[in-house]
Structures are given as structure tokens and as C-alpha cells.
Amino acid sequence: MTLLEIRNLSKHFASGGRNVAALTDIFLTLEPGETLGLAGASGSGKSTLARILMRLLPADRGSIRFRGEDWLALSGAGLRRRRAGMQMVFQDVLGAFNPRATVASVLDDPLRIHGVVPKAERRGEVAALLDRVGLPTSYADRSIREISGGQRQRIAIARAIATRPSLIVLDEAVSALDVSIRGKILELLVELQRERGIAYLFVSHDLAVLRAVSHRIAVMDAGQLVEAGTARQMIENPQSPTARALIAAVPRLMTGPPQGHKHEF
Amino acid sequence: MSELCDIRGVSVLYRGQPIPALKEIEFSIAAGERLAIIGESGSGKSTLARVLAGLLPPGTKVSGEICWPGGRPLPGRDLGFVFQDPSSSLNPVLTVGEQVAEGARRHLGLSWKQAEARAREMLEKVRMPQPEKTLKAFPHQLSGGQRQRVAIAAALAAKPGILIADEATSALDMVVQADIVSLLDDLVRDARMTLIFVTHDIALASGFADRVAIFRDGRLVETGSTTAVLASPGETYTKTLLASHRDLTTRPLIEDAVG
Ligand SMILES: Nc1ncnc2c1ncn2[C@@H]1O[C@H](COP(=O)(O)OP(=O)(O)OP(=O)(O)O)[C@@H](O)[C@H]1O
Ligand SMILES: Nc1ncnc2c1ncn2[C@@H]1O[C@H](COP(=O)(O)OP(=O)(O)O)[C@@H](O)[C@H]1O
Ligand SMILES: [Mg+2]
Ligand SMILES: [Mg+2]
């Protein structure tokens, strides 16, 4: 069964006399265990889509089916219960946590709220989650501010997998990280997917990142879906000017002598 | 090329920190070169940029010396600075025109009218769409990429000989990043300026820098022409950095099979 089905999704913002069509008639599907990369320039509507999916923002129009249910019709306790199935990891790792929280409390919260494991097993589960994302279990007592950006992103991933979701929405989850740490986080995400069959909606403006992890890639421009296909097809044979610009923008290691105007459009 | 500055055994210790952010840095910068300062987060790149610009916070201990054969550059007049977050260098209550004109007025001794004309010229130079309209806009009315263009225009308005760009494109999307990098490259080339480009992305730097200086944990790991360092890195750390680069030709982490 298709895991996620987005149909006709539209959203506009009216602010300060301006009317922005942030999303116009978006259609997307996601299969279990699959990664869909969502690419596009800044302001193209990627985060708006992610926030509507997470039910942080209402849509104007359209429907979303998640695990066979009408996701936008859910509310109250029913929504709360099913949120365990869809988790999110943001770019701004520090902003995504209560700054006074400890690592243990960040991971314990979802376990408690969603009753993932019996109370007596929660401590052990926190340790298992830390271990799974490659952090020493002794980190449990640290403050979330006392760890590096890359480590915080591991905690954000541990929190997301704590509720055993079938889908994780990642919005620029590795964009703020150094190149080398970024690679390790991508490897971790791919391992978790293989192990647990989690599907990812992976939002990024960096096609090199999306190429590494995505089975399919969809490209957005000014709120519209301009292109979608397998990752390989899209990169080898882009159809839209937006996709071509995104491809041209990926820095390559230049081993020849430097010369100006390397960035063709 | 003549020498712009010679950095001799410079160490920097921020107030209240147990260990120095820079440790005995030793190298020189040539006038007119495009130098990329490369390293991971916390390696000391911004500290180097700040010590060169004389922008370290009060209470910071600096040892060693930096010699400027042509005289110490005055920030704003001889040296422009562009930061990662353009909001931090732009004043939210001044129009774009006012802030770009300000440096030109103060350092080139222009009248307000002449400075305004200079601001318009700068906005065209940084390829700002609708430069005339943008002069009257406030920073919050612009996109991140447009704000960064304004910050570059403001930094260059007084015709400084040196531009330091500290992660100036890291917060931008990739298409805008590529555009700003090629813009910086053109501007610096035309004006024969010295560019000090700080980044954690060695591939980004490899596209236009003459020379790279690799930093790790406050130390200079190696420096050399971009071509030489990329073709045959002398240090294991540089090799690791190069190996962690990913682009569209890198083998994906997943199987391509369609689900
Ligand atoms: N709360 C809001 N109020 C008004 N306009 C908004 C709001 N949120 C987003 N927008 C507008 O909707 C459009 C899409 O924004 P969105 O944040 O989804 O883009 P994005 O693709 O995630 O960009 P980025 O790559 O910069 O994160 C933009 O024009 C944006 O200015
Ligand atoms: N204003 C400051 N006060 C105290 N410590 C600082 C300050 N700025 C930077 N540091 C510390 O100095 C080291 C180098 O930082 P920085 O030069 O900003 O590195 P980079 O720009 O390469 O990320 C880090 O350990 C950082 O935490
Ligand atoms: Mg976004
Ligand atoms: Mg820095």
C-alpha cells in the first residue's frame, strides 16, 4: 500500500498586502521504505509542504492520505496518537529543542507521550537509542547545549525514530553541518532506513545531498512541482530549467587551474 | 605579487576560554590573490578573519604579530567584510540605499547625492534585480540572497582593496550561492582586490581560489596553490577533507532500484 498520497495540495499566504502562492496543486506519493527528495530554490515552498504534512499549518485545499487514512481530517486524540507514525527533523537543531533540556529528557518525552515502551524500560530504551545513533550512553545526562551541532542532529534523529515512525520528514536536516559530518549523518539515515523500512521525505536545495539518499527526486519552483522522476533520471536528464540550475550549482572539486566563470547557467 | 600581510606566530585566546582559538599561525597573504580559508566548524576560520580585520571582541589576547608592509588597513575603507548572516551587517531601520551610500560618503568623501549615485552603481554591479526600487527598500523586504548582495555592495562601496567573506554563502540556497560566488569572483577580478574567502566547503573554494589554507583545531594544516593541494595534498587531514566531498558523480549511499 502507498504510504503517503498528496493530491491537489494548495496553500497561499496573504501578508502585508502581498499574496504568495506558496503551494499550487501539488501531487506526490511515497512508498514504504522509500526516500523522496524534494529540491527547489529558497522560497519555492518546500518547508510549507513539510509543515502542512506535520499538521503545523493548515492547507487551503487538497488531500493527504497517510497509511490509508485521511490525514488532514484527523484531530485531537486521534491525531496525537497517529503522530507517532510521522516524525520530523529540522535544520535548526538548537532551536528545535528546549535549551534547558538534557539529552535523556529529549528522548524520554516521545517514549512517555506515545507509550512506546513500559515505564520500567524507558531508561534502557533511551540508552539503546543513543547507541543506535552512534553516541555514548553517558551523553544522556548532558545538556542539549553542551554538545556539538552534529551530535545534536544525531539526537534529533534518535528522537524521531523513538516512536518507530513509518515516515520521517527531514527539512534541510544536514544543510548546516560541515561536509564531513554531513556524510556521516547521511550514512546513519540510510542505515536506519534499511534496518527499519522508514520512508523519508528529504527536503534540500542541495542536489548532491539528495542524490546520495533519494530514490526519487521532485523539483519545486515558486510553489509548483516542475519535475519528478527517479534520482538518476532527474540528474542525468533534467527537463526543467529549475532542475538544470540546481544541477549546475553543485560545487565540484576543480583539480585544474582556477579560471573565472566556472558556474555556467 | 607583493606581500599584503605577513602573519608571524599569531595565537588568539578569547576571554574566559581554556584553549586558544588560533595557535601560532604563520603564513603570508599576497596582494591581489584569492585565498580560501578552509576548515570545519570551530577550526578558527572566523577568528583568523577577525584578527586580520581587527574585529576581535574586547578582552581577547593576541600574541605574535601581523605585519602590513603597505600599512594596516582600516575596516570599512581599506577592508570590506561580508558575514554569513547578512542581517548582522545590515541595519534594519536604514534603507538599502542609505547603507550602501554611507561607506562611500564617509570614506570617499562624496556628497550625499554622489554617494547615492554610487549606491545605485553598486547595486547594478552586484546584479540586484530592480536596483532603482531596491534603493528605497528595507532589508526585511528582501530575500536572503538579495540581502547578501546588498551586504556585498555596502562592503565594496568605498572601494576597499581587501574583501573578507566569512561563510558569506553558507546560509543561501545552492543556486544563489553559485551566483554570489561568481559575482564575488568577477568583482574582485575587475578591481584587482585581495579576496579572503572563508568556507567549510573545499569544493566551492576550488572553483576560483588561487590558494587554499587548511585549518584544523586552531592550527594551519597546510597551504599552497589550489591546484597543487587538490592534486597532491600533503597532509592526511586534507585527504580526508577531499574524500568527504560529495557531488553528483559520487556513488549514492542507496541502491538506485526503484521501489
Ligand atoms: N507564515 C508565512 N507567512 C507569509 N508567507 C509565508 C509564510 N511562510 C512561508 N511564506 C512564503 O511562502 C513561500 C514558500 O516558503 P517556504 O518556507 O515553504 O520555502 P522553502 O522552499 O522552504 O525555502 P527555503 O529553501 O528558503 O527554506 C515563500 O514565498 C515564503 O515567503
Ligand atoms: N567570541 C568568542 N568568545 C569565545 N570563544 C569563541 C568566540 N568566537 C569563537 N570562539 C571559539 O574559538 C574557536 C574557533 O572558532 P571560530 O574562529 O569561530 O571557528 P570557525 O569560524 O572555523 O567555525 C571555537 O572553539 C569557538 O568556540
Ligand atoms: Mg525551508
Ligand atoms: Mg565561522
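Chains A and X supply the protein sequences, listed in that same order. 4 is the number of the first residue of the first sequence in the working numbering; add one for each residue after it. 307 is the number of the first residue of the second sequence in the working numbering; add one for each residue after it. Note that CB positions come from ideal geometry on N, CA and C, so glycine has one too. Keep in mind the model is a prediction, meaning the values are calculated, not measured.
Measure the alpha-carbon distance for residue i versus residue j and round it to whole angstroms.
i	j	result
Arg148 (chain A)	Ser308 (chain X)	45 Å
Ile9 (chain A)	Gln94 (chain A)	23 Å
Leu416 (chain X)	Lys439 (chain X)	22 Å
Gly43 (chain A)	Gln227 (chain A)	10 Å
Gly450 (chain X)	Val120 (chain A)	44 Å
Phe444 (chain X)	Ala549 (chain X)	43 Å
Ser2 (chain A)	Asp479 (chain X)	Since the first and last residues shown for chain A are 4 and 268, residue 2 (chain A) lies out of range.
Ala474 (chain X)	Glu561 (chain X)	35 Å
Val564 (chain X)	Ala248 (chain A)	Low local confidence applies: a pLDDT of 46 at Val564 (chain X) is under 50, so the model's placement there is unreliable, with the coordinate-based value given in what follows. Each residue's alpha carbon lies about 25 Å from the other.
Pro558 (chain X)	Gly382 (chain X)	45 Å
Leu56 (chain A)	Ile67 (chain A)	8 Å
Phe333 (chain X)	Thr51 (chain A)	47 Å
Tyr203 (chain A)	Thr38 (chain A)	5 Å
Val368 (chain X)	Leu328 (chain X)	9 Å
Phe268 (chain A)	Ile458 (chain X)	Unreliable placement is indicated for Phe268 (chain A), whose pLDDT of 38 sits below 50; no coordinate value is reported for it.
Leu319 (chain X)	Ala519 (chain X)	21 Å
Ile492 (chain X)	Thr258 (chain A)	The sequence given here has Asp at residue 492 (chain X), not Ile. About 20 Å.
Val535 (chain X)	Ser512 (chain X)	10 Å
Arg85 (chain A)	Arg162 (chain A)	16 Å
His266 (chain A)	Ser47 (chain A)	Model confidence at His266 (chain A) stands at a pLDDT of 43, short of 50, so the residue's coordinates are unreliable and nothing is read from them.
Arg64 (chain A)	Thr105 (chain A)	40 Å
Gly263 (chain A)	Arg411 (chain X)	With a pLDDT of 48 at Gly263 (chain A), under the threshold of 50, the modelled position of this residue cannot be trusted; read the value that follows with caution. Approximately 31 Å, taken between the alpha carbons.
Pro324 (chain X)	Ala165 (chain A)	37 Å
Leu476 (chain X)	Thr532 (chain X)	Sequence check: residue 476 (chain X) is Ser here, not Leu. Going by the C-alpha atoms only, they are around 20 Å apart.
Pro139 (chain A)	Val172 (chain A)	26 Å
Measuring from the CB of residue i, is there a heavy atom of ligand 3 at a distance below 7 Å?
i	result
Asp63 (chain A)	no
Lys49 (chain A)	yes
Asp174 (chain A)	yes
Please tell me whether, using a cut-off of 7 Å, the distance from the CB of residue i to the nearest non-hydrogen atom of ligand 2 is below it.
i	result
Ser183 (chain A)	no
Gln303 (chain X)	Residue 303 (chain X) is absent from the structure shown; chain X starts at 307 and stops at 565.
Tyr320 (chain X)	yes
Ala327 (chain X)	yes
Ser317 (chain X)	no
Gln323 (chain X)	yes
Thr353 (chain X)	yes
Pro558 (chain X)	no
Pro445 (chain X)	no
Gly345 (chain X)	yes
Pro363 (chain X)	yes
Helix, strand or coil: how does DSSP classify residue i here?
i	result
Leu592 (chain X)	For chain X, the structure presents residues 307 to 565; residue 592 (chain X) sits outside this window and is missing.
Asp384 (chain X)	coil
Gly530 (chain X)	strand
Asp224 (chain A)	strand
Val315 (chain A)	Any question about residue 315 (chain A) goes unanswered here, given that chain A covers just 4 to 268.
Gly65 (chain A)	strand
Gly19 (chain A)	coil
Thr555 (chain X)	coil
Tyr203 (chain A)	strand
Ser512 (chain X)	helix
Ser476 (chain X)	coil
Met89 (chain A)	strand
Thr245 (chain A)	helix
Glu330 (chain X)	strand
Gly127 (chain A)	helix
Ala24 (chain A)	strand
Looking at residue j and residue i, is the spacing between their C-beta atoms short of 8 Å?
i	j	result
Asp111 (chain A)	Val136 (chain A)	no
Thr544 (chain X)	Val527 (chain X)	yes
Ile335 (chain X)	Leu310 (chain X)	yes
Ala484 (chain X)	His551 (chain X)	no
Ile343 (chain X)	Ala359 (chain X)	no
Ala515 (chain X)	Leu341 (chain X)	yes
Gln405 (chain X)	Ala460 (chain X)	yes
Mind checking whether the beta-carbon of residue i lies closer than 7 Å to any heavy atom of ligand 4?
i	result
Lys465 (chain X)	no
Asp472 (chain X)	yes
Kindly examine ligand 5 and report whether one of its heavy atoms sits closer than 7 Å to the Cβ of residue i.
i	result
Gly350 (chain X)	Only ligand 1, ligand 2, ligand 3 and ligand 4 can be found as ligands here, which leaves ligand 5 out of the picture.
* Asked: Between the stretch 91–110 of chain A and the stretch 176–186 of chain A, do at least 3 Cβ pairs fall closer than 8 Å?
  -> yes
* To do: Inspect the CB distances between the stretch 465–473 of chain X and the stretch 494–506 of chain X and report whether three or more fall short of 8 Å.
  => yes
* Contact list for the stretch 526–551 of chain X against chain C, Cβ threshold 8 Å -> The structure shown has no chain C; the protein chains it does contain are A and X.
* **Three CB pairs or more closer than 8 Å across the stretch 427–437 of chain X and the stretch 361–372 of chain X** => no
* Inter-stretch contact at 8 Å, needing at least 3 Cβ pairs: the stretch 237–244 of chain A / the stretch 217–227 of chain A -> yes
* Asked: Can at least three beta-carbon pairs, one atom from the stretch 314–331 of chain X and one from the stretch 520–539 of chain X, be found at a separation below 8 Å?
  -> yes
* Examine the Cβ distances between the stretch 348–355 of chain X and the stretch 391–400 of chain X and report whether three or more of them are shorter than 8 Å. => no
* **Three or more C-beta pairs below 8 Å linking the stretch 155–164 of chain A and the stretch 183–194 of chain A** => yes
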